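Novice: Residue numbers (our numbering), protein chains in the order written: chain A, 16 to 130; chain B, 1281 to 1395.
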Amino acid sequence: DSGVTQTPKHLITATGQRVTLRCSPRSGDLSVYWYQQSLDQGLQFLIQYYNGEERAKGNILERFSAQQFPDLHSELNLSSLELGDSALYFCASSVRAGLAPDTQYFGPGTRLTVL
Amino acid sequence: GESVGLHLPTLSVQEGDNSIINCAYSNSASDYFIWYKQESGKGPQFIIDIRSNMDKRQGQRVTVLLNKTVKHLSLQIAATQPGDSAVYFCAENTYSGGGADGLTFGKGTHLIIQP
């Protein structure tokens, strides 16, 4: 158990809908990262937050957004969902901002299925 | 193309033998490398990391080798056990220049342990 928690474990929804995925980092970690894992694209970095502020952006679609709250938990919002958004979404956390090598610990993921 | 990739999608080894999983990367600026293990239905689990100022690092039953000249990374698992069956990912990041954008993952190697 990495100490990173994610809810829900599974999510099934329809195209055009909006969902919110939740992540709680390890105790003491200030950075939260979101990744998407799909069969065709593999594991891809989406976005990072550090202590409530957006720190870095990866291959995140405009339909997706995230935020980190004062208690450091984070939410990933996915809107106007398409079939191709079906994937595993992982949250990872680390202690620092990413300015130096810093181990990222991953949560168990949320499996999103868009029908 | 992929910044980080793996040579073989599947590696089958006998229980008790040593396993070697290889990874090539193309970004010569990468300065931090990590190996993760992902079991079915779980999130990536940190195994070992290495910084670019090192060429070898050892953990418990695992060794990571880094060859910056040919941009190659390998993970050696000694005395492979059934519990080592998983997909192994190499990942890299670049911290020089003031920050990092999240990990870049290879596609993964599926390690299968034969009894």
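Where is the CB? At the ideal position from N, CA and C, for every residue including glycine. The structure displayed is predicted, hence computed values, not measured ones.
#1: Specify whether the stretch 115-124 of chain A and the stretch 1314-1328 of chain B touch according to this definition: at least 3 beta carbon pairs, one from each stretch, less than 8 Å apart.
#2: Identify every residue that forms a DSSP beta bridge with residue 34(A).
#3: Chain B partners of residue 84(A), CB-CB under 9 Å?
#4: Can you find a CB in chain A that lies within less than 8 Å of the CB of residue 1289(B)?
#5: Can you give the Cα-Cα distance for residue 1281(B) and residue 46(A), rounded to whole angstroms?
#6: Anyone know if the C-beta pair for residue 74(A) and residue 61(A) falls short of 8 Å?
#7: Please classify residue 1373(B): is it buried, with 16 or more other beta-carbons within 10 angstroms of its beta-carbon, or exposed?
#8: Which same chain residues, not among the five before or five after residue 71(A), have their C-beta less than 6 Å away from its C-beta?
#9: Going by the beta-carbon positions, is the gap between residue 1310(B) and residue 1332(B) smaller than 8 Å?
#10: With DSSP collapsed to three states, give me the class of residue 124(A).
#11: Give me, in chain order, the residues of the same chain whose beta-carbon lies closer than 7 Å to that of residue 1351(B); leave out the 5 immediate sequence neighbours on both sides.
#12: Strictly below 7 Å CB to CB, what residues from chain B border residue 12(A)?
#13: If you run the structure through DSSP and keep just helix, strand and coil, what is residue 1329(B)?
#14: How is the beta strand (DSSP E) around residue 1295(B) delimited, first residue to last?
#15: So, do the stretch 39-56 of chain A and the stretch 83-100 of chain A have three or more beta carbon pairs nearer to each other than 8 Å?
#16: State yes or no: is the beta carbon of residue 17(A) nearer than 8 Å to at least one beta carbon in chain B?
Specialist: Reading off the structure:
#1: Yes: at least three Cβ pairs fall under 8 Å.
#2: Taking the first residue of the first sequence as position 1, residue 34(A) is located at position 19. Its beta-bridge partners are 93(A).
#3: Within the first sequence, numbered from 1, the residue matching residue 84(A) stands at position 69. What residue 84(A) touches in chain B: nothing, since even the nearest Cβ is about 20 Å away.
#4: Position 9 of the second sequence, counted from the start, is the residue given in the question as residue 1289(B). For residue 1289(B), the answer is no, since every Cβ of chain A falls outside 8 Å of its Cβ.
#5: Start at 1 with the first residue of the second sequence, and residue 1281(B) comes out as number 1. Start at 1 with the first residue of the first sequence, and residue 46(A) comes out as number 31. Annotation note: pLDDT 34 at residue 1281(B) (below 50); position unreliable, coordinate value reported separately. In a straight line, the C-alpha of residue 1281(B) is about 28 Å away from that of residue 46(A).
#6: Residue mapping note: residue 74(A) aligns to position 59 of the first sequence, counting from 1. Residue mapping note: residue 61(A) aligns to position 46 of the first sequence, counting from 1. Result yes, Cβ atoms of residue 74(A) and residue 61(A) sit closer than 8 Å.
#7: Locating residue 1373(B) in the second sequence gives position 93, where the first residue counts as 1. With 16 or more other Cβ atoms within 10 Å, it is buried.
#8: Along the first sequence, one-based indexing puts residue 71(A) at 56. The beta carbon of residue 71(A) sits closer than 6 Å to the beta carbons of 63 from its chain, once the five residues preceding and following it are set aside; these are given in chain order.
#9: Locating residue 1310(B) in the second sequence gives position 30, counting from the first residue. Locating residue 1332(B) in the second sequence gives position 52, counting from the first residue. Against a cut-off of 8 Å, the Cβ pair of residue 1332(B) and residue 1310(B) comes out as a contact.
#10: Within the first sequence, numbered from 1, the residue matching residue 124(A) stands at position 109. Three-state DSSP puts residue 124(A) in coil, outside helix and strand.
#11: Walking along the second sequence from the start, residue 1351(B) turns up at place 71. So the list reads 1304, 1305, 1306, 1308, once near-sequence residues are dropped.
#12: Nothing about residue 12(A) can be reported from this structure: the residues present for chain A run from 16 to 130 only.
#13: Here residue 1329(B) corresponds to residue number 49 of the second sequence, with the count starting at 1. Three-state result, residue 1329(B): strand.
#14: Taking the second sequence and counting its residues from 1, one reaches residue 1295(B) at position 15. Following the DSSP letters along the chain, one finds residue 1295(B) in no beta strand (DSSP E), marked with neither H nor E.
#15: The answer is yes - the stretch 83-100 of chain A touches the stretch 39-56 of chain A, with three or more Cβ pairs under 8 Å.
#16: The residue labelled residue 17(A) in the question sits at position 2 within the first sequence. It does: the Cβ of residue 17(A) has a partner Cβ on chain B nearer than 8 Å.
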